[in-house]
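Colleague: FYI, the numbering for the sequence shown is -17 to 213, going by this note's numbering. Just so you know, even glycine gets a beta-carbon here, dropped at the ideal spot from N, CA and C.
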Amino acid sequence: MGDIRRRGAVALGVTALVAPLTLALTAAPAQAASCTAKAGPYQKKAEKFLGRKADGKQSTADCKAVRAFQTKHGIQPNAGYAGPVTWGVMDLMTKQKAVGKNPNKSGKCPTSKGRIACVNLSLQLSWIQDGKKLVYGPVPVRTGRNGYETRTGLKKVYWRNIDHVSTIYHVPMPYSQFFDGGQAFHSVGVSMWNPPGSHGCVNMTRTAAKKYWSLLKKGDDVYVYGRKPGT
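1. Relative to the alpha-carbon of Lys137, which residue among Gly65, Pro178, Ala43 and Asp203 has its alpha-carbon at the smallest distance?
2. Alpha carbon to alpha carbon, how far is Ala99 from Thr125?
3. Please state whether DSSP places Tyr194 in a helix, a strand or coil.
4. Alpha carbons only, please: which of Gly182, Gln159, Gly56 and Lys200 is nearest the one belonging to Ser173?
5. Using a threshold of 9 Å, state whether the C-beta atoms of His168 and Pro156 are closer than that.
6. For Arg133, does the count of other Cβ atoms within 10 angstroms reach 16, so buried, or fall short, so exposed?
7. Helix, strand or coil for Leu44, going by three-state DSSP, please let me know.
8. Could you work out which residue in Arg127, Thr149, Val101 and Gly96 is closest to Gly182 when comparing CA atoms only?
9. Is it right to say Gly113 is buried, meaning 16 or more other beta carbons lie within 10 angstroms of its own, or is it exposed?
10. Tell me whether the beta-carbon of Gly135 lies closer than 9 Å to the beta-carbon of Pro85.
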């Protein structure tokens, strides 16, 4: 137990880099802006994504649909304007869906390591595989924003704390599994598509984080590759 406590103390000193950037949104969301009558540069694409008539013209119903999407995923301002941030989230969702159940089609995540957690920053997806067998996922994740990028490369889970609390941001980080300094898998209470991202951690839904906790153990490999859009 003494060794575990010493390891815990060391890890606690480096974990604060990983708190979600926009946790404030969960406590006190910004005041919603008025619904705009102006069509955005991605109006037609947004309409198509939302299953609406893709005519590129902003209607009251179009604005409400875009605004609802923005509100759900913490996109500000949530005024119904189909701008680059809103379209970026929609485009990423489309690309994630297209992956299906073959996330390692490119073979970039090693298949010679046995059980390994893979993180594709470009698609903001993670999964667990064992050799070429998909064990769990893929699931959407939320990685480090510009300036706080989730570091790439081959790593290992070195410390786990199911009830971890960030020592800098003083916010809960349930089901934390650290694999690179202060960067870890853990659950958050915001949308996985909430921009601009975390402070370096791989954020997950509670369901996914609990599953990762049950499937991974100390010493398991983690491989992070690609580049998060916008970084």
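Modeller: Once the coordinates are examined:
1. Asp203
2. 14 Å
3. helix
4. Gly56
5. yes
6. exposed
7. For the sequence presented, residue 44 should be read as Asp rather than Leu. Here Asp44 sits in helix by DSSP.
8. It is Arg127 whose Cα lies nearest to the Cα of Gly182.
9. Answer is exposed; the Cβ neighbour count stays below 16.
10. no
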